[in-house]
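Listed in order, the protein sequences are those of chains A, B and C. Residues in the first sequence are numbered from 804 upward in steps of one, following this note's numbering. Residues in the second sequence are numbered from 874 upward in steps of one, following this note's numbering. Residues in the third sequence are numbered from 212 upward in steps of one, following this note's numbering. Beta carbons: idealized from backbone N, C-alpha and C, even for Gly.
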Amino acid sequence: MLKRIYIDNYKCLVNFELNFGPVNLFLGPNGGGKTSVFETLQKLQLFVGQNRKVADLFTFSDRTRWQSSLIQTFELEIERGKKAYKYELAIEHDEKSRTARVKYERLWYERQPLLKFESDEVQLYQDNGTSASPYTFDSSLSALAFITPRSDNQLLTWFKEQLPYLIIAQIIPPLMGGESAQEEKFPSARMDNYASWYRHLSQDQGLAFQLTAALRKCLPGFDYFKFTEAGERHRTLKVFFTSLGQPSASTGYDFSELSDGQRMLIALYTLLLAAQAKDATQSGKHKFILCLDEPENYLALPEIRPWMVDLYDLCSEGQVQALLISHHPESIDYLLASPIGYWFERQNNLATRVKQIRAEDDGGLSVSELIARGWLHD
Amino acid sequence: MLKRIYVDNYKCLVNFELTFGSICLFLGPNGAGKSSVFEVLQNLRSFIGGEGRLEQIFKHTSLTRWQTLHIQTFELEVEGNKGIYKYLLKVDYDIEGHKARVKSELLSYNKKPLLRFEQGEVHLYRDNHSVGPVYPFDWHLSAVSSIFARPDNKLLTWFKEQVSQIIVVQPNPALMTEISETEFDMPSYHLENFVSWYRHLSQDQGFAIELNKTLREVLPGFDAFKFEKSGDQYRFKAHFRNENKNESVGYGFGDLSDGQRMLIVLYALTLAVKMQHYTLCLDEPENFLALPEIQPWIVQLFELCEQDEAQALLISHHPELIDYLLASPVGLWFERSGNLPTRVRPVVAPGESGVPVSELIARGWLNE
Amino acid sequence: MSRYSKVVVLCEGRQDEVFARTFLVKCGFMVARIRFVVAPKGIGSGEKFVREQYPKEVIAYRSNRNRIQNSLVVMTDADVIPVSGRMKYLEDKLQDERQNPRRPDEAIGIFIPKRNIETWILFFMGQQVDEDTDYGHFNKQSVCKPYVEKYAKSRKQALPDNAPESLKLACSELARIV
């Protein structure tokens, strides 16, 4: 679970801090900083997970416009049971050459240091606390990204392996095609690899069965998925719908022929079921952290709440954590019955400030109506 | 203005008919056929506009799956130019060979023929309805698309113009680029080419000034747009005022939030519709917008349509749009049960309800 | 928030909304600052919708008062009932929801055309009208605009004697809003 994030000098996020609960709803006007928080999570994930260069991910122009500071600071705290990891990253930009380097990168497990990367030198610590010999490292990269898993660094490895479970997505159904060249373990940022991701997931027959059952309930006419061969390793995802008059004969459609709303619904329920899947939670290893940008887009009104209810239940049980950016009345009015709302606002186009909000039930207007009028608070 | 459409054997649209007003709201569950109607309009526009061959625009996979009929029929009725035009297109598919050809293409004005294209032969009629030339033509193309404007075929030319003004879009800010290498005079489906389209639109200074004025009202801090030239490319930037320091900061269009870009696009579309008299088919304009932004925008579009300065067909699921628009009888509810054809009926709120329509829809009570 | 709804218009139908919008814009309000809550077009009148929403809007208005300057415009047709009777229906509904009655210092304006809004519009258009006839709907709701704008411009002047009574009553409500 994400516990806390700290960001300084990234776009409109200056000295910005946020603590998270099981469900978190980000609200507020456009340009207020909500997506910037997601972007930051994504960049940290790529930096540590895919060995990308620091200057490629954290560009000079992404620094806060009205500040001249050349240093960007990030902190990420991730819970593991009752304990927590803390990841700290500071990036220093050079104005003339427009390059960037890691000023420091540190990973802690509670009070115990696991990695310290400063002044081009990496100091590793094993699980039992003993320090290895320091070595020089290229400060345009993440030192953490290059540590290979070993029996004596399982703590550090757990942290690295948790990062891909941070699903940061803005699902765009028009981009979800039916072709799959290979299996993919995680969904992409726009879910355009749905077919490949489902190809991987469906190896778990139990999950495939549960997803089919769920979709039959919420998607009228849905019968089943089928992968057809389209070459040696290529597969095409087809979806079969029942005909009312002939229950035994289903009609097959290419996944890309489904409407945007249908694909969206499929993607959202797949996320829920993948998050609940036994191998993720039973061994107690890694839980999904779903960061979804406007999950209600493309959905019909009656479809939103049932999915929200399922998501909320999962989060309350601790099976998954959710960060949602939303503008939609259905989500807002339902979720804000609990104090899980964060209002992002920028005064005078300056730094983002966040306020926690919840709905007051005074017999008056709904929260979404208050938001539509700009009356939520001043 | 588009008055009526008839579609047979296209996806879930079977013997399907729809009449339009100056503003229409398509409602209903997903997969019920709303976007398919928009597709048909887009396909007809592309075909009549000569944008491609028949089989590039009308795919055989669009034939209704549970029917064995291999002929698709489309009819479009357009009102204007002091009369009513009727356009009919029948497409004949050869499924084995994945081929398609025009079985018949007919255009009439006030019930008198202007063009008849059947069995590979075109019969033209002049504005005064006298018989014009007869000649063979490729049945993979639209005969209407090939007619050049002449003094004696103004009626037909007017129709072609009208159809070319049909815009079908589903704006998606995530797909919009901020660099423009050429200008486009028509927006692409997801408005990916918005910046290039804007370049074309802003040649009309009146347009640029009015859009600037509107955006300053609805986008806090907005100052102006600027194009930065770099070689052959233009980078589109939006400048915002920083009130504290009284300076203007420029942001690349790609650096703006999705919602900000969506707002810009929607107001640009509305203004373009007003100035160029487009028929706008807009799929889910509410995505990405913040709640307080939706009603002010739809009020403006509604006013335009109500005063007959524009026609807009909207597909929406959003309470803000639904509740505002349905104070007028402009809602059309699309429904399909299982694999049956799409059915449409006008939305009528149950009598004396104390609850907004969107709430009824969310509860699934509207269609009972 | 630096931008918020300053006026809420709660009304029975599109014609009322066009009327109110045109009037308010001419008085200087920006459309983006007006929030419209319009009864859905269905079978029967929107009267019940307005009556049900009224207490909710009053509660919202009152909880906002200390922080944001806002006002509430309520429009409902008198139909065949006297204006005072229609006013009482609304006040009763407020009482049902255990709210205090509307006070003179509250920017809540209740406008009740008799017999309906078309009566007022036709009057602005220069026609002789009475408050009993049902004049029927206009084909195009935007027809009223130039006449409403003209009235908005001259709203400070007294109405002529032959103006509908309900319109004269409505004028006293105006001071709460503009």
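For A:Arg1176, a Cβ of chain C is located within less than 8 angstroms of the residue's own Cβ. Separation of A:Leu958 and A:Glu982 (C-alpha to C-alpha, rounded to the nearest whole angstrom) is 38 angstroms. Between B:Leu927 and B:His1013, the C-beta spacing is below 8 angstroms. Taking the C-beta atoms as reference points, C:Tyr215 is found nearer than 8 angstroms to A:Trp1178. Not one beta carbon of chain B lies nearer than 8 angstroms to the beta carbon of C:Met286. Under DSSP, B:Gln945 shares a beta bridge with B:Val964.
Contact of A:Gly1167 with chain C by beta-carbon distance below 7 angstroms involves Lys267, Ile270, Ala271, Ser274. In this structure, DSSP gives B:Ile1052 an extended state, which the three-state scheme calls strand.
Setting aside the 5 residues that flank it on each side, B:Phe1057 is surrounded in the same chain by Asn1066, Ser1069, Trp1070, His1073, each with a C-beta closer than 7 angstroms to its C-beta; the list follows chain order.
With contacts defined by Cβ atoms closer than 8 angstroms, A:Ser943 and A:Arg904 form a contacting pair. DSSP, read as helix, strand or coil, puts A:Gly1055 in strand.
For A:Asn833, the number of other beta carbons within 10 angstroms of its own is at least 16, and it is reported as buried. In this structure, the CA atom of C:Ala243 is about 49 angstroms from the CA atom of B:Ile944. B:Pro1219 sits exposed, since fewer than 16 C-beta atoms from the chains shown fall within 10 Å of its C-beta. Counting the other Cβ atoms within 10 Å of the Cβ of B:Gln1106 gives fewer than 16, which makes it exposed. Under the 8 angstroms criterion on CB atoms, C:Lys252 is classed as interfacial with respect to chain B. Listed by position along chain A, the residues whose Cβ is nearer than 9 angstroms to that of B:Gln1133 are Asn833, Gly834. Membership of B:Arg1134 in the alpha helix (DSSP H) is indicated by the continuous run 1131-1149.
Residue contact with chain B for A:His896: absent (no Cβ-Cβ distance below 8 angstroms to any residue of chain B). For A:Phe989, the three-state secondary structure derived from DSSP is coil.
By the Cβ criterion, the segment 1174-1181 of chain B is in contact with the segment 346-362 of chain C, since at least three pairs of Cβ atoms, one from each stretch, lie closer than 8 angstroms.
In the structure shown, the three-state DSSP call for C:Arg232 is helix. Listed in chain order, the non-local C-beta contacts of B:Gly1127 below 8 angstroms within the same chain comprise Met1049, Thr1050, Glu1051, local neighbours out to five positions each way being set aside. Taking a C-beta cut-off of 9 angstroms against chain B, the contacting residues of the segment 1020-1037 of chain A are Leu1022, Pro1023, Gly1024, listed in chain order. B:Leu987 has its alpha-carbon roughly 9 angstroms from the corresponding atom of B:Gly1005.
Within 10 angstroms of the beta-carbon of B:Phe920 lie 16 or more other beta-carbons, which makes it buried. The three-state reading of DSSP puts A:Lys963 in helix, counting H, G and I together.
Within its own chain, the residues whose Cβ lies closer than 6 angstroms to the Cβ of A:Glu882, once the five positions on either side in sequence are excluded, are Met804, Lys806, listed in chain order. The beta-carbon separation of B:Ser1231 and B:Pro1192, rounded to 3 angstroms, stays under the 8 angstroms limit for a contact.
Under the Cβ criterion of 8 angstroms, B:Leu1162 is counted among the residues facing chain A. Between B:Phe947 and B:Val913, the beta carbon gap of about 6 angstroms places them in contact (Cβ cut-off 8 angstroms). The Cβ of B:Val1230 sits closer than 8 angstroms to at least one Cβ of chain C. The beta carbon of C:Glu360 sits no closer than 8 angstroms to any beta carbon of chain B. Nearest to C:Glu384 by C-alpha distance, out of C:Gln264, C:Gln339, C:Pro324, C:Leu333, is C:Pro324. Rounded to whole angstroms, A:Lys846 and B:Gln915 show a C-alpha spacing of 39 angstroms. Between A:Cys1118 and A:Pro825, the C-beta spacing is below 8 angstroms.
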